[in-house]
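Chains A and B are the protein sequences, given in the same order. Residue numbering for the first sequence follows our numbering, starting at 1 and increasing by one per position. Residue numbering for the second sequence follows our numbering, starting at 1 and increasing by one per position. Each residue gets a CB set at the ideal place from its N, CA and C atoms; glycine is no exception.
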Amino acid sequence: MPTIDFPKQDLDTLIGWTFPIEELDKWLLLAKGEIKNYDPETDILKVELQDTNRPDLWCTEGIARQIRVKRDKELRPYLFFKSREKPLDQINVGNGLDLIRPYIGGFKTRGYMLSDQELAQLIQTQEKLADVFGRKRKSVSIGIYRLDPIQFPITYAIADPNIAQFTPLGFDKPMTLPEILECHPKGIEYKSTLIGQSNKQHYPLLTDAEGTVLSFPPIINSREIGEVQVGDKNLFVEVTGTDLRMVLHTINILAANFTDRESTIEPLKVLYPTQTEFGESIRVPYDFRSEIEVPQEKINAILGDSLTLNEGKQALVEYGHQVKSRAKTLYVKQPPYRDDLMHPVDAIEDIAISTGYNTFRTTLPSEFTVGSLSQSEIISDKVRELMIGFGFQEILSNILASQDDLAIRMNLPDTAIIEVDNVMSLTYNCVRQWIIPSLLRVESSSSHSFYPHCLFEAGEIVQPDQKTESGTRTLNALSALLAHPNANFSEMHSYVDLLFYTLGLSYEIEPTTHPSFIDGRIGQLTLNHTPCGLLGELHPQVLDNWQITMPCTVFELCLDTLPIG
Amino acid sequence: MIPEESSSLEEHHFSSLHPLEVAILRDLHKQSPTSEADLASHTGLDSAQVSMSIGWLQAKQYIMITSEVVTKIVSLTSTGIRFSKKGSLIKQIFTEATKAKEQGLPLTMKRLQEILSLQASDLSGPIGALKKEGSIQIGPGGVLEPTKSTSDLTSALHMLIENISHGSSSYDTRPNTERKIIDTFSQRRGRSQEPFRIDEHIMRSFALTERGQAVAANVVTVGVKEGYAQLTPELLKDGSWRTHTPRPYNIALRPPRIAAGKKHPYRTFLDKVKTTLVSMGFEEMRGPIVENEFWNMDTLYMPQFHPARDIHDVYFVKSPAYSTAIPEPYISQVAQTHRDGWTTGSRGWGYPFDEQRTRRLVLRSQGTAVSSRTLASQPKIPGKYFSIARCFRYDQIDATHATDFFQTEGIVLGNTINFQTLLGLLLLFAKELAQTTKVKFAPAYFPFTEPSVELHVEHPKLGWMELGGAGLLRPEVTHPLGIKVPVIAWGLGLDRMAMIALGIHDIRDLFTANLDLIRQQPTPL
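1) Does the stretch 296–312 of chain A touch the stretch 325–338 of chain A, meaning 3 or more C-beta pairs lie closer than 8 Å?
2) Heavy atom of the ligand PLP less than 6 Å from the Cβ of Asn476/A, yes or no?
3) Establish whether the CB of Ser346/B and some CB of chain A are separated by less than 7 Å.
4) Which whole-angstrom value is the C-beta distance of Asp122/B and Gln58/B, which I expect to be below 8 Å?
5) Around the C-beta of Ala260/B, are 16 or more other C-beta atoms found within 10 angstroms, so that it is buried, or is it exposed?
6) Step through the CB atoms of chain B and report whether any lies within less than 7 Å of the CB of Ile251/A.
7) Fully enclosed by the stretch 482–520 of chain A, which alpha helix (DSSP H) runs are 4 residues long or longer?
8) What residues of chain B sit near Cys59/A, judged by a beta carbon separation below 8 Å?
9) For Ile2/B, count neighbouring C-beta atoms within 10 Å of its own C-beta (all shown protein chains included) and say buried if the count is 16 or more, exposed if not.
10) Flag Phe511/B as yes if its beta-carbon sits less than 7 Å from any beta-carbon of chain A, otherwise no.
11) Can you tell me the Cα-Cα spacing of Leu515/B and Cys454/A, whole angstroms?
12) Please determine, among Ala120/B, Leu153/B, Pro246/B, Gly345/B, the residue with the shortest C-alpha to C-alpha distance to Gly87/B.
13) Counting C-beta neighbours from all protein chains within 10 Å, is the total for Arg390/B 16 or more, i.e. buried, or is it exposed?
14) Would DSSP call Arg188/B helix, strand or coil?
15) Taking contact to mean 3 or more Cβ pairs, one atom from each stretch, closer than 8 Å, check whether the stretch 457–476 of chain B and the stretch 428–439 of chain B are in contact.
16) Once the 5 residues before and after Gln547/A are set aside, which same chain residues still bring their CB inside 7 Å of it?
17) Name the one or two DSSP bridge partners that Asp398/B has.
18) Which residue spans inside the stretch 282–368 of chain A form an unbroken alpha helix (DSSP H) run of at least 4?
19) Under 7 Å, do Ala458/A and Ser402/A count as touching if we go by C-beta distance?
20) Rounded to whole angstroms, what is the Cα-Cα separation between Gln524/A and Arg267/B?
21) Can the beta-carbon of Lys298/A be found closer than 7 Å to that of Pro267/A?
22) Taking only runs of the beta strand (DSSP E) that begin and end inside the stretch 121–165 of chain B, which ones reach a length of at least 3 residues, in chain order?
23) So, is the C-beta of Arg390/B closer than 7 Å to a C-beta in chain A?
24) Give me, in chain order, the residues of the same chain whose beta-carbon lies closer than 7 Å to that of Val314/B; leave out the 5 immediate sequence neighbours on both sides.
25) Rounded to a whole number of angstroms, what is the C-alpha to C-alpha distance between Glu293/B and Val247/A?
26) Would you report the Cα separation of Leu271/A and Ala335/B, rounded to the nearest angstrom?
27) From this set, Thr561/A, Tyr112/A, Leu543/A, which residue's C-alpha is nearest Asn257/A's C-alpha?
28) Anything in chain B within Cβ reach of Tyr428/A, meaning under 7 Å, just list it in chain order.
29) Roughly how many angstroms lie between the CA atoms of Gln296/A and Asp305/A, to the nearest whole one?
30) Residue range of the alpha helix (DSSP H) that Pro178/A falls in?
31) Among Glu145/B, Thr108/B, Thr478/B, Ile127/B, which residue has its Cα nearest to the Cα of Gln333/B?
32) List, from N- to C-terminal side, the beta strand (DSSP E) runs of 3 residues or more that fit wholly inside the stretch 42–96 of chain B.
33) Please name the residue or residues paired with Pro267/A in a DSSP beta bridge.
34) At a Cβ cut of 7 Å, what residues of the stretch 418–446 of chain B count as close to chain A, listed as they run along the chain?
35) List the DSSP bridge partners of Ile418/A.
36) Output yes or no for whether 7 Å exceeds the beta carbon distance between Ser443/B and Ile353/A.
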């Protein structure tokens with residue numbers, strides 16, 4: 001979820017009303033925003049925006065728009081989709097970009113006098129959109145340039161990495177494109193966005209009519225025309241990416257933002273070498289919105305209310321939509337900066353938000369249902385109750401553990417365990433396949449705690465199992481550990497015996513061998529000739545591996561094999 | 001035995017001497033001072049008995065400590081044993097830094113973490129040691145650069161590990177330089193991954209105090225009045241209890257502690273939640289921990305390009321990497337819904353759904369995966385379901401992020417379900433689980449619900465807090481799984497409530513391995 005910082009006064013200016021800070025919380029509900037912090041000294045508000053599907057809200061302008069439309073009762077016009085007579089300047093798209101970053105859109109904007117504060121806001125918006133919505137610049141990234149030095153038409157094409165060079169932002173001498181990828185911090189960070197199929201590195205480049213480089217998207221702008229400064233008034237804004245609809249959506253958000261700051265938007269024409277879903281020649285900003293039908297009946301079924309068609313319409317208009325009503329149905333067109341209406345339910349949520357969640361009646365589900373626990377939980381509760389009665393302290397452990405704990409320290413170097421592919425920490429790189437190591441972790445951290453230690457844990461484990469859909473099986477197990485100077489097989493055997501007796505089960509115990517246990521002091525537990533667990537004294541080597549200096553006897557039992565219930 | 005009269009000042013104390021105390025006093029009367037080990041060998045008592053009676057006699061001020069010699073023993077930890085085989089961490093770091101320099105690649109802390117698969121906290125100590133020695137420096141951008149071709153510290157550490165790997169040995173007799181290295185690399189609180197471990201062996205000697213001398217002399221000359229310690233079946237049977245006197249106890253002593261059988265404190269909390277939900281008519285559901293992306297995300301209408309699905313948010317399983325084919329008709333219906341909305345009335349996400357990717361195995365990242373499986377298994381209608389599911393997130397572990405944790409969540413299905421019943425249900429949760437009716441509903445966003453709500457409650461003790469999130473499942477979720485009625489999906493964030501109830505400030509302590517902490521935590525009502 002994106003979090004943004006801005007001066008409260010900027011929000012007030014954009015809305016045209018000075019908010020008492022204590023009222024802001026309530027108004028921010030409209031934008032699914034939550035105040036994380038407000039510093040009255042600096043006037044900086046930190047707001048978290050919840051809706052990952054509404055990138056238009058991740059900036060001051062967007063939040064202001066959402067609040068303003070509610071106060072104004074309708075949306076101010078955004079005119080940048082309206083066609084103009086005069087021929088447009090162009091962006092020409094070259095061949096071969098479809099392999100890596102096919103799409104571009106852009107517009108000119110004039111009259112936006114950048115102050116310190118506005119430049120900071122613009123950079124923040126650019127970063128949030130490219131980072132979160134654009135998935136770290138992979139699907140969408142934004143470039144902003146001083147407009148005046150640029151000669152149109154602009155060309156977006158694949159460059160020859162051996163020839164093309166320019167001075168990137170942050171450096172003071174020309175570099176080739178491969179050099180930028182190797183040495184520039186942004187090159188290192190975003191290099192992977194330009195790696196295509198079979199690991200081929202691609203080099204898209206944006207140049208003007210004179211061949212001057214604007215930028216190497218999505219890596220870095222040129223220092224000459226790509227360094228926007230305080231005081232700049234006329235700008236060229238472009239968005240490149242892998243998804244045309246997302247590119248155009250980002251353009252529309254930015255165009256709305258500039259409009260809100262009272263600057264004019266001049267559209268551009270983008271010419272593609274082949275057809276796209278919106279044609280070969282696209283006038284940008286582009287209006288791809290379509291109407292969505294929302295029947296009144298559906299509104300009332302979902303909201304459990306009896307809104308009139310007009311009430312529904314008004315709520316939507318006050319949330320920014322263009323709405324027509326006809327024959328008990330609303331025809332909803334979302335505002336130009338949004339692209340998240342997928343289904344009528346999305347519009348119905350907007351009605352509820354616009355109306356205010358806290359104005360709705362609450363009723364309880366009236367239909368009768370019977371509560372119950374799963375069979376596994378019933379068995380687990382039963383054995384937990386017994387173990388506690390036997391005097392054992394219950395333990396609750398993390399299920400992720402280290403291979404070291406689960407296998408190496410247990411003298412089981414070759415045992416099969418479910419491992420994590422993207423390891424974050426060696427301490428948590430495997431899912432436990434048995435519980436005994438969890439108890440040994442407690443024992444090895446607790447030699448200062450008075451003895452005897454009688455511990456148990458009932459919980460989930462995961463074991464490889466070829467026969468299942470996932471090649472693994474989640475099982476419920478019970479394990480117990482006794483640690484004190486005289487802890488031995490026979491003492492634990494008594495508890496196992498009592499456990500089975502109390503559960504009304506007759507078990508067998510057969511001698512076996514196991515690398516974690518002392519030979520001759522380890523038994524396999526079986527029920528109806530099916531193995532169901534182990535009971536034994538842990539091998540001194542295992543205890544030494546755990547730095548435990550107290551004899552330990554353990555048992556582990558698979559609860560899913562118990563024929564109970 | 002007939003009790004003797006005694007006029008000694010120490011009469012009371014004298015008569016309450018325990019046989020173990022008598023044995024120690026007798027020995028110290030013969031020879032004083034004597035070490036704890038010698039006392040054990042002279043009296044034939046085991047060391048636990050000796051130290052117990054020494055404790056009693058010290059409390060009575062009959063004996064005192066005359067000398068205390070502390071010897072330190074150094075040994076290798078399991079980390080040390082590993083280092084002795086594959087080289088120490090500083091060696092690995094130094095080698096990586098040297099290698100990176102040769103290749104002309106900047107070695108950042110982040111890169112080093114990836115190479116060694118360790119966390120920053122594991123590396124800061126060793127890097128500090130190398131920096132102090134002057135064999136590496138941290139350049140601009142946090143880049144590690146070697147400044148020498150060899151590291152003396154690394155070789156010295158290696159020799160020491162080699163030396164100590166033959167067995168524990170004395171610390172004090174080592175030269176200063178070695179002791180310094182051992183100090184730097186020994187295990188202590190917050191530094192569990194170090195190669196050395198220092199144990200202290202304390203040897204104490206004891207002598208009689210003035211008071212003790214009097215009592216001991218009395219014991220030796222007069223003898224002890226042997227009252228009986230334990231009322232036995234024999235004393236009762238033969239009636240000799242009538243003529244014998246019980247030895248009085250020192251009832252002011254703290255009683256021995258009992259290791260009781262108890263529920264885990266966090267489990268107690270979770271059991272309460274479970275019982276409350278069952279009493280509200282919810283049926284428990286379970287699901288697998290290793291789950292494929294289909295049930296964990298795709299059925300929940302999270303597009304395959306959703307940022308919360310990448311390797312920085314979800315744990316992927318190494319092997320097996322993929323599940324077997326997803327059953328029809330669910331796979332086709334879900335895939336089509338992502339592509340173009342299928343027949344759900346939605347426009348869909350409009351991207352090419354990857355039917356290979358959907359089988360990728362992950363560790364369940366959200367409890368809702370259990371709900372989506374339930375929806376596809378002919379659930380009861382009307383029906384209410386819950387699960388308390390172990391979930392896993394790829395997060396740096398700290399005081400507020402655990403590697404795995406419980407999510408309490410579920411679904412409610414029925415023809416009469418709508419937004420108002422959703423709010424009503426949340427109000428009921430507030431009442432039953434947080435004992436409050438003061439609630440606020442805030443618009444929220446979840447990929448699988450619309451409308452979506454966040455529930456804020458005013459807890460009687462904790463003030464305003466977020467208790468959970470909920471919503472009506474999107475038709476894009478329910479229809480492809482064959483569900484035609486409205487469904488509420490809800491989830492509760494109970495960790496914070498649990499932590500406050502248990503007096504815990506660090507989420508990792510919910511699963512602590514410290515037995516003292518578990519034993520001492522009060523069990524909340």
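According to the structure data:
1) yes
2) This structure does not include the ligand PLP; it has no bound ligands of any sort.
3) Working through the second sequence from its first residue, we reach residue 346/B at position 346. Yes, contact with chain A.
4) As a first step, residue 122/B must be located in the second sequence, where it is residue number 122. As a first step, residue 58/B must be located in the second sequence, where it is residue number 58. About 43 Å separates the two Cβ atoms, so there is no contact after all.
5) On the second sequence, position 260 is the one that residue 260/B refers to. Exposed: under 16 other Cβ atoms inside 10 Å.
6) Position 251 of the first sequence, counted from the first residue, corresponds to residue 251/A. Cβ-Cβ to chain B under 7 Å: no for Ile251/A.
7) 489–503
8) Looking up residue 59/A in the first sequence gives position 59. The premise fails here: Cys59/A is roughly 17 Å from chain B at the closest Cβ pair, so nothing lies under 8 Å.
9) By 1-based counting over the second sequence, the position of residue 2/B is 2. Unreliable placement is indicated for Ile2/B, whose pLDDT of 37 sits below 50; no coordinate value is reported for it.
10) Within the second sequence, residue 511/B is the residue found at index 511, counting from 1. Answer yes: the Cβ-Cβ gap between Phe511/B and chain A drops below 7 Å somewhere.
11) The sequence position of residue 515/B within the second sequence is 515, counting from 1. The sequence position of residue 454/A within the first sequence is 454, counting from 1. Using only the alpha carbons, I get a separation of about 10 Å.
12) Indexing the second sequence from 1 puts residue 87/B at position 87. If we check each option's Cα against that of Gly87/B, Leu153/B comes out closest.
13) On the second sequence, position 390 is the one that residue 390/B refers to. So Arg390/B ends up on the buried side.
14) On the second sequence, position 188 is the one that residue 188/B refers to. If DSSP states are grouped into helix, strand and coil, Arg188/B belongs with the strands.
15) yes
16) Indexing the first sequence from 1 puts residue 547/A at position 547. Counting only Cβ-Cβ distances below 7 Å, and skipping sequence neighbours, we find Ser444.
17) Taking the second sequence and counting its residues from 1, the one referred to as residue 398/B is at position 398. Answer by DSSP bridge pairing, in chain order: His401/B.
18) 296–303, 309–317, 344–355
19) On the first sequence, residue 458/A is found 458 positions in, with the first residue counted as 1. On the first sequence, residue 402/A is found 402 positions in, with the first residue counted as 1. For Ala458/A and Ser402/A, no; Cβs fall outside 7 Å.
20) Within the first sequence, numbered from 1, the residue matching residue 524/A stands at position 524. Within the second sequence, numbered from 1, the residue matching residue 267/B stands at position 267. Answer to the nearest angstrom: the Cα atoms are 29 Å apart.
21) Your numbering for residue 298/A matches position 298 in the first sequence. Your numbering for residue 267/A matches position 267 in the first sequence. No, they are not a contact pair.
22) 136–139, 143–146
23) On the second sequence, position 390 is the one that residue 390/B refers to. Yes, Arg390/B counts as interfacial toward chain A.
24) Counting from one through the second sequence, the residue named residue 314/B turns up at place 314. These residues qualify, in order along the chain: Val362, Ser365, Tyr394.
25) Here the question's residue 293/B lines up with position 293 in the second sequence. Here the question's residue 247/A lines up with position 247 in the first sequence. About 27 Å.
26) As a working mapping, residue 271/A is identified with position 271 in the first sequence. As a working mapping, residue 335/B is identified with position 335 in the second sequence. Straight-line Cα distance between these residues: approximately 33 Å.
27) Mapped onto the first sequence, residue 257/A falls at position 257. It is Tyr112/A whose Cα lies nearest to the Cα of Asn257/A.
28) In the first sequence, residue 428/A corresponds to position 428, counting from 1. In chain order: Thr403.
29) For this step, residue 296/A is matched to residue 296 along the first sequence. For this step, residue 305/A is matched to residue 305 along the first sequence. Between Gln296/A and Asp305/A, the C-alpha separation is close to 11 Å.
30) In the first sequence, the residue the question calls residue 178/A occupies position 178. Per DSSP, Pro178/A belongs to the alpha helix (DSSP H) from 177–183.
31) The sequence position of residue 333/B within the second sequence is 333, counting from 1. Among Glu145/B, Thr108/B, Thr478/B, Ile127/B, the Cα nearest to that of Gln333/B belongs to Thr478/B.
32) 63–76
33) The sequence position of residue 267/A within the first sequence is 267, counting from 1. Answer by DSSP bridge pairing, in chain order: Phe107/A.
34) Hits within the stretch, in order: Asn418, Phe419, Gln420, Thr421, Leu423, Gly424, Leu425, Leu427, Leu428, Lys440, Phe441, Ala442, Pro443, Ala444, Tyr445.
35) By 1-based counting over the first sequence, the position of residue 418/A is 418. DSSP lists Val431/A as the bridge partner or partners of Ile418/A.
36) As a working mapping, residue 443/B is identified with position 443 in the second sequence. As a working mapping, residue 353/A is identified with position 353 in the first sequence. Per the sequence shown, the amino acid found at residue 443/B is Pro instead of Ser. Yes.
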